[in-house]
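First comes the structure, then the notes that go with it.
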Amino acid sequence: MRLVKLELLGFKSFCDRTVFHFSEGITSIVGPNGCGKSNIIDAIVWALGERGTKALRIKEMEDVIFHGSNGRKGLNIAEVTIFLVDDKNEYSIRRRLFRDGTNEYFLNGKSVRLKDIQDFFLGTGIGLNTYAIIEQGRIESFVQMKPQERKILIEEAG
Amino acid sequence: MRLVKLELLGFKSFCDRTVFHFSEGITSIVGPNGCGKSNIIDAIVWALGERGTKALRIKEMEDVIFHGSNGRKGLNIAEVTIFLVDDKNEYSIRRRLFRDGTNEYFLNGKSVRLKDIQDFFLGTGIGLNTYAIIEQGRIESFVQMKPQERKILIEEAG
Amino acid sequence: SRDVFFETLDRVNDYYKKFINKLFQGGEGYLKYNPDTDGIEMFAQPSGKKIIRMEMLSGGEKALASVALLFALIEANPPPFCFMDEVDGPLDDANLMYVLETIKDLSKKTQVIFITHNRLTMEVSGTIYGITMEEDGVSKVVSVRLASF
Amino acid sequence: SRDVFFETLDRVNDYYKKFINKLFQGGEGYLKYNPDTDGIEMFAQPSGKKIIRMEMLSGGEKALASVALLFALIEANPPPFCFMDEVDGPLDDANLMYVLETIKDLSKKTQVIFITHNRLTMEVSGTIYGITMEEDGVSKVVSVRLASF
Ligand SMILES: Nc1ncnc2c1ncn2[C@@H]1O[C@H](COP(=O)(O)OP(=O)(O)OP(=O)(O)O)[C@@H](O)[C@H]1O
Ligand SMILES: Nc1ncnc2c1ncn2[C@@H]1O[C@H](COP(=O)(O)OP(=O)(O)OP(=O)(O)O)[C@@H](O)[C@H]1O
Ligand SMILES: [Mg+2]
Ligand SMILES: [Mg+2]
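Residue numbers (my numbering), protein chains in the order written: chain A, 9 to 166; chain B, 9 to 166; chain C, 1456 to 1604; chain D, 1456 to 1604.
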């Protein structure tokens, strides 16, 4: 399975619909301080079902919705979609949040529960304790974490 | 008051006597990962009387003494001396530790207690809660620290 | 089950040793199960040094040891993607080149995406996305460079 | 005494506002005493943005706000020396240049010593000490470059 596309709409500083295509090989995301690079990682972690506010650098869940700027009004919805492929099929995972707190998950366009998304990723190394996402400033975390936390990483790789 | 010289002997990876002269303007210390740059900051913090092992990246106080390598035997003493000047005088602060745990402080060559060193620096912004030393990975600490800790910094500047 | 866990630990440990040896140019390391904590201890020692405890490692050495474990986990069970946000920050150019060389191999097994300010990392990338906030507070993707191979 | 504290806070706050304005090119910030915690709250907002809480700032923006407070404390009461270990890590080149420009002024009041991997920081330094471990595990100073002004 490979990641091929990522779509953000109203997620943090990505007010307008923004699409990233990922082709084979290494991709780099660059830009000045505060332009929105780490918000892209937050989008992935959120779409996978993260509900912890500290990991998403927010205080309440609504903080992920674009809250407006000098020239733009705040929005009322945030939506992130992850597109994956394997030898046979294409898959899409989507999460959507409305300002009234309604939270929706979709798997290949069908409305599902978070548990269905987690089952989909079972055994791929992508889960809430995934080793596949290193957030900013956390590279030394593998050395500094407790032995029990490191054990969970090994289990994810099983 | 200005820092003019720093001398290390047997402190962490600085086995041989090493002298740094600081002239007016900005000084940079460069070198590959693991070569001993941050150990220089540990030397300053230690000479000022730091007794916390976490801040010095050690487990026991003896860990600051050069513990040997492929070609060298470990030493039994670590010594750091800081030389300062102001318009009228020259000053020197020295701390020495023996492997048996004996710990000595010197001010201008005379044996003193830690309290005398701390009184010497009173009002200069250099103390155990100093704002003048930013250790590696701690640049965001002013933003992340608790309000009471930030108050202590303001008091140091008074 | 317990057997699956120890079999996975063995595989990850073998890869970890391989990557520590490569990234620390002859360094040694291991992962070990500790029954007292029911956890995994981690050890790394750059070549020519005597590391008594992991706390003694420098900032860059800790980052390299973490990267070696990350690579071992990816090798043992390649995920669909791997995001790394400014992991090159603490590394000097020489160590970064060893890491980038290793990533080139790994990127055949998993989609690797870096966030970086470092020129060396940009140079090994097939695709570069530039993000700006020309309009205050609104992120936009400005340019995509596809490396000509 | 309490009066001295509030007089110091006022001075540091004035300098903090000045440095936030310079480093964030028109940004705003303040320090405020909070009687509930008997502590000091810190706020910073890059120009053109709406910052509701400091947690929302990016890694580089948090580093810049910290540097602005550090500079304000140095300006209010210059210490004999100031050591900064890889503070340039999270900063992009443009922001680093603003920081280095400000440091040039401050280094007239206090002895500034950087530990860095960044070329831009080396270029503004009058003295550069290179450290190596040619002999395994033993740190040595190899070279000193004195910039010709
Ligand atoms: N809900 C939101 N609505 C609008 N803007 C937001 C929202 N949440 C966060 N932001 C903005 O996103 C910016 C941070 O973006 P991000 O952390 O991705 O920066 P970055 O590109 O990673 O920068 P650095 O290089 O400093 O790490 C902040 O300035 C913040 O104002
Ligand atoms: N008591 C000691 N005796 C000998 N060596 C020691 C001692 N304490 C620490 N060291 C060594 O010092 C090294 C770390 O040095 P330091 O943290 O200063 O590196 P650095 O130059 O800052 O690197 P980086 O660029 O990665 O931050 C470690 O590799 C460790 O082995
Ligand atoms: Mg970031
Ligand atoms: Mg260091």
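Beta carbons are placed, not taken as given, at the ideal position from N, Cα and C, and that holds for glycine.
- With a cutoff of 7 Å on beta-carbon distance, D:Asp-1543 and D:Thr-1576 are scored as near each other.
- Residue pairing of A:Tyr-99 in beta bridges, as defined by DSSP: A:Leu-92.
- Following the DSSP letters along the chain, one finds A:Arg-107 in no alpha helix (DSSP H), marked with neither H nor E.
- In the three-state DSSP reduction, C:Gly-1544 falls in the coil class, being neither helix nor strand.
- DSSP places D:Tyr-1553 in the helix class (H, G or I) of the three-state scheme.
- Close to ligand 3, as judged by a C-beta nearer than 7 Å to any of its heavy atoms, are the residues A:Lys-45, A:Ser-46, A:Gln-144, C:Asp-1540, C:Glu-1541, C:Ile-1570, D:Ser-1513, D:Gly-1514 and D:Gly-1515, in chain order.
- Judged by DSSP in its simplified three-state form, A:Asn-47 adopts helix.
- In terms of side-chain proximity, the C-beta atom of B:Asn-41 is found nearer than 6 Å to a non-hydrogen atom of ligand 2.
- Taking a contact as a CB-CB distance under 8 Å, the pair B:Pro-155 and D:Gly-1484 does not count as one, their CB atoms being some 15 Å apart.
- Distances between the C-beta of B:Met-69 and the heavy atoms of ligand 2 are all 6 Å or more.
- Relative to the non-hydrogen atoms of ligand 2, the Cβ of B:Ser-21 comes within a distance shorter than 6 Å of at least one.
- Three or more Cβ pairs closer than 8 Å define a contact, and the stretch 45 to 60 of chain B meets that threshold against the stretch 121 to 139 of chain B.
- Taking C-alpha positions only, D:Gly-1503 is separated from C:Ser-1594 by approximately 13 Å.
- Three or more beta-carbon pairs separated by less than 8 Å are not found between the stretch 65 to 72 of chain B and the stretch 1514 to 1525 of chain C, which leaves the two stretches without contact.
- Separation of A:Asp-50 and C:Lys-1563 (C-alpha to C-alpha, rounded to the nearest whole angstrom) is 25 Å.
- With a threshold of 7 Å between beta carbons, D:Leu-1478 makes no contact with chain B.
- Comparing alpha-carbon positions, the option among C:Asp-1591, C:Phe-1569 and C:Met-1588 lying closest to C:Gly-1581 turns out to be C:Phe-1569.
- Counting only the Cα atoms, B:Glu-164 lies some 5 Å from B:Gly-133.
- Short of 6 Å from the beta carbon of B:Asn-47, and not among the five residues preceding or following it, lie these beta carbons of its own chain, in chain order: Lys-20 and Ser-21.
- Ranked by how close their Cα comes to the Cα of B:Phe-150, the residues D:Leu-1478, D:Leu-1528, D:Asp-1469 and D:Leu-1561 have D:Leu-1528 in first place.
- The C-beta separation of B:Ile-101 from B:Leu-11 comes to about 10 Å, leaving the pair out of contact by the 8 Å criterion.
- Not a single C-beta of chain A is nearer than 7 Å to the C-beta of C:Gln-1500.
- At a cut-off of 6 Å, the beta-carbon of D:Lys-1504 counts as near ligand 1: some heavy atom of the ligand is closer than that.
- Between C:Ile-1558 and A:Cys-43, the CB-CB gap reaches or exceeds 7 Å.
- Every alpha helix (DSSP H) stretch that sits fully inside the stretch 1557 to 1596 of chain C and reaches 4 residues is listed by chain position as 1574 to 1578.
- Between A:Ile-37 and C:Tyr-1584, the gap from beta carbon to beta carbon is short of 7 Å.
- For D:Tyr-1485, not one C-beta of chain B is nearer than 7 Å to its own C-beta.
- C:Phe-1474 has its Cβ no nearer than 6 Å to any heavy atom of ligand 1.
- A Cβ of chain A is located within less than 7 Å of the beta carbon of C:Leu-1524.
- In the DSSP annotation of this structure, C:Gly-1494 is not part of any alpha helix (DSSP H); the continuous beta strand (DSSP E) holding it starts and ends at 1494 to 1500.
- Relative to the non-hydrogen atoms of ligand 1, the Cβ of D:Met-1497 never comes closer than 6 Å to any of them.
- Across the stretch 1489 to 1520 of chain C, CB contacts with chain D closer than 8 Å involve Ser-1502, Gly-1503, Lys-1504, Lys-1505 and Gly-1514, in sequence order along the chain.
- Secondary structure at C:Asn-1489: strand, using DSSP grouped into helix, strand and coil.
- With a threshold of 7 Å between beta carbons, C:Tyr-1584 makes contact with chain A.
- With its beta carbon less than 7 Å from one in chain C, B:Asn-78 belongs to the interface.
- In the pairwise beta carbon analysis, the stretch 133 to 147 of chain B is classified as touching the stretch 1529 to 1541 of chain D: at least three pairs are separated by under 8 Å.
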